[in-house]
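Colleague: Sequence lines, in order, name chains A and B. full-length UniProt numbering numbers the first residue of the first sequence as 1 and each following residue consecutively. full-length UniProt numbering numbers the first residue of the second sequence as 1 and each following residue consecutively. Ideal Cβ placement from N, Cα and C applies to all residues, glycine included.
2 protein chains.
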Amino acid sequence: MFREAEENDVGEIVKMLANDRLGKTRENYTHPLPKQYIKAFEAIQSDTNNELIVAVLEGHIIGVLQITFTPYITHQGGWRATIEGVRTDESVRGKGIGSKMITWAIERAKTRNCHLVQLTTDKTRTDALRFYEKLGFQATHEGLKLKL
Amino acid sequence: MFREAEENDVGEIVKMLANDRLGKTRENYTHPLPKQYIKAFEAIQSDTNNELIVAVLEGHIIGVLQITFTPYITHQGGWRATIEGVRTDESVRGKGIGSKMITWAIERAKTRNCHLVQLTTDKTRTDALRFYEKLGFQATHEGLKLKL
Numbered sequence: 001m002f003r004e005a006e007e008n009d010v011g012e013i014v015k016m017l018a019n020d021r022l023g024k025t026r027e028n029y030t031h032p033l034p035k036q037y038i039k040a041f042e043a044i045q046s047d048t049n050n051e052l053i054v055a056v057l058e059g060h061i062i063g064v065l066q067i068t069f070t071p072y073i074t075h076q077g078g079w080r081a082t083i084e085g086v087r088t089d090e091s092v093r094g095k096g097i098g099s100k101m102i103t104w105a106i107e108r109a110k111t112r113n114c115h116l117v118q119l120t121t122d123k124t125r126t127d128a129l130r131f132y133e134k135l136g137f138q139a140t141h142e143g144l145k146l147k148l
Numbered sequence: 001m002f003r004e005a006e007e008n009d010v011g012e013i014v015k016m017l018a019n020d021r022l023g024k025t026r027e028n029y030t031h032p033l034p035k036q037y038i039k040a041f042e043a044i045q046s047d048t049n050n051e052l053i054v055a056v057l058e059g060h061i062i063g064v065l066q067i068t069f070t071p072y073i074t075h076q077g078g079w080r081a082t083i084e085g086v087r088t089d090e091s092v093r094g095k096g097i098g099s100k101m102i103t104w105a106i107e108r109a110k111t112r113n114c115h116l117v118q119l120t121t122d123k124t125r126t127d128a129l130r131f132y133e134k135l136g137f138q139a140t141h142e143g144l145k146l147k148l
């Protein structure tokens, strides 16, 4: 049900990312798919510290997230897992798929010996904040962004 | 003045990380230095998407930060730079070294074609939040952490 994404999946992934209140303003889901999506996929796939994971149900991609594993000097040289780009298909919303995806990612982070799983969520996504808090995450940090 | 850290620098880096209200509870600055710090340094050094940067003044390390460059599918396949583990030596506090370090990291992120620089800061570090906001960062996100 969960596996690493393949190049053939990228179109369906971008479709999901674009079908979102914030995503629709910043993604570009067109045919053919803009080349930068494929380039990003190739960069992720060739990096052992990045995994693009899809949830598959009956042959259809119903969810996506990316996990980045990072070695840090801080916390006594501990590795962290950062989750980003979490989306589920609207056809399966409210069925616990998101929760299963995050739980899977947490287990994956343990396998990679991470001491911490982290993510940021836009403050306007109040449902997402509650969702992550239910799963045990604590909103202890400010998430700061600077657009270049 | 700014360069990538070398293995010989790790002791001084950990000393700075440990000399901090939060850091002192989670770092372990002892002689000899715990091996996991050196292992983390080696993992960072061998990863082209991670850079541990030190600020050097008159032969002494006066600051440190880590930059992670990550390819994402989101934002049309855009790369991001994540800054973490920012510390300046207490001997140079209030002299603008931190600001120069972050400005340097932002320029480095541009060189790596990142569209965004991001970081999280503990909500109890109110000075740090003001510091980053002055540099143009916006606290648009909640930073969530889950300890494993």
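Can you tell me the Cα-Cα spacing of Ala18 of chain A and Tyr37 of chain A, whole angstroms?
Modeller: Rounded to whole angstroms, Ala18 of chain A to Tyr37 of chain A spans 12 Å at the Cα level.
Colleague: Hey, how far is the Cα of His60 of chain B from the Cα of Ala139 of chain B?
Modeller: Cα-Cα distance, rounded: 33 Å.
Colleague: Assuming contact is defined by CB atoms lying nearer than 8 Å, are Ile44 of chain A and Leu52 of chain A in contact in what I supplied?
Modeller: Contact: yes.
Colleague: Looking only at C-alpha atoms, which of A:Leu57, A:His141, A:Val14, A:Leu33 sits nearest to Lys95 of chain A?
Modeller: Among A:Leu57, A:His141, A:Val14, A:Leu33, the Cα nearest to that of Lys95 of chain A is on A:Leu57.
Colleague: What residues match up with Glu51 of chain B in a beta bridge as DSSP calls it?
Modeller: Partner(s): B:Ile67.
Colleague: Between the C-alpha atoms of Leu148 of chain B and Thr126 of chain B, what's the straight-line distance to the nearest angstrom?
Modeller: Answer to the nearest angstrom: the Cα atoms are 26 Å apart.
Colleague: Checking contacts by CB at 8 Å: is Phe131 of chain A closer than that to chain B?
Modeller: By this cut-off, Phe131 of chain A is not an interface position.
Colleague: Can you find a C-beta in chain B that's less than 8 Å from the C-beta of Lys100 of chain A?
Modeller: Not an interface residue.
Colleague: Between the Cα of Gly85 of chain B and the Cα atoms of B:Glu142, B:Ser46, B:Lys110, B:Phe41, which residue gives the shortest distance?
Modeller: Considering only alpha carbons, the answer is B:Phe41.
Colleague: Just to confirm, is the Cβ distance from residue 150 of chain A to Val64 of chain A under 8 Å?
Modeller: An answer regarding residue 150 of chain A cannot be provided, because it is not within the stretch 1 to 148 covered by chain A.
Colleague: In whole angstroms, give me the CA-to-CA distance for Asp47 of chain A and Ala128 of chain A.
Modeller: If you take the alpha carbons of Asp47 of chain A and Ala128 of chain A, they lie about 28 Å apart.
Colleague: Is it buried or exposed for Met1 of chain B, if we count other Cβ within 10 angstroms and need 16 for buried?
Modeller: Under this definition Met1 of chain B is an exposed residue.
Colleague: Count the other CB atoms, across all protein chains shown, that sit within 10 Å of the CB of Thr120 of chain A; report buried if there are 16 or more and exposed otherwise.
Modeller: Label assigned to Thr120 of chain A: buried.
Colleague: In the DSSP output, which residue or residues are listed as bridge partners for Gly98 of chain B?
Modeller: In DSSP, Gly98 of chain B forms no bridge with anything.
Colleague: With DSSP run on the structure shown, which of helix, strand or coil describes Ile83 of chain B?
Modeller: Three-state result, Ile83 of chain B: strand.
Colleague: Taking just the CA atoms, how far does Arg112 of chain B sit from Thr70 of chain A?
Modeller: Distance between the alpha carbons of Thr70 of chain A and Arg112 of chain B: 18 Å.
Colleague: Which residues in chain E have a C-beta closer than 7 Å to the C-beta of Ala40 of chain A? List them in chain order.
Modeller: The structure shown has no chain E; the protein chains it does contain are A and B.
Colleague: When DSSP builds the beta bridges, which residues end up paired with Leu146 of chain B?
Modeller: DSSP output for Leu146 of chain B lists A:Val117 as bridge partner(s).
Colleague: Tell me whether Ile38 of chain B sits in a helix, a strand or coil according to DSSP, three-state version.
Modeller: Helix.
Colleague: Using 8 Å as the cut-off, can you tell me whether the segment 70-84 of chain B makes contact with the segment 17-32 of chain B, which would need three or more C-beta pairs spanning the two stretches below that distance?
Modeller: The segment 70-84 of chain B, when compared against the segment 17-32 of chain B, does not touch it at the 8 Å Cβ threshold.
Colleague: Going by C-alpha distance, which of A:Arg3, A:Gly78, A:Leu135 is nearest Glu27 of chain B?
Modeller: Comparing Cα positions, the closest option is A:Gly78.
Colleague: Measure the C-alpha to C-alpha separation of Arg21 of chain B and His141 of chain A and round it to an integer number of angstroms.
Modeller: Approximately 16 Å, taken between the alpha carbons.
Colleague: Does the Cβ of Val10 of chain B lie closer than 7 Å to at least one heavy atom of the ligand SAH?
Modeller: Although the ligand SAH was asked about, the structure shown includes no ligands whatsoever.
Colleague: Identify the residues that DSSP records as bridge partners of His141 of chain B: which are they?
Modeller: BP columns for His141 of chain B point to A:Asp122, A:Gly143.
Colleague: What does Glu142 of chain A touch in chain B if you count any residue whose Cβ is under 7 Å from its own?
Modeller: Chain B residues near Glu142 of chain A: Thr120, Thr121, Lys123, Leu129, Ala139, Gly143.
Colleague: Looking at the C-beta of Thr68 of chain A, does it have a partner C-beta in chain B at a distance below 8 Å?
Modeller: Cβ-Cβ to chain B under 8 Å: yes for Thr68 of chain A.
Colleague: Please check if any C-beta of chain B sits within less than 8 Å of the C-beta of Leu17 of chain A.
Modeller: At least one chain B Cβ lies under 8 Å of Leu17 of chain A.
Colleague: Answer with yes or no whether the minimum CB distance from Lys110 of chain B to chain A is below 8 Å.
Modeller: It does; some Cβ of chain A falls within 8 Å.
Colleague: Helix, strand or coil for Thr88 of chain B per DSSP?
Modeller: Note: Thr88 of chain B maps to strand in three-state DSSP.
Colleague: I'd like to know if Asp89 of chain A contacts chain B, where contact means its C-beta is closer than 8 Å to some C-beta of that chain.
Modeller: No, its Cβ sits nowhere closer than 8 Å to a Cβ of chain B.
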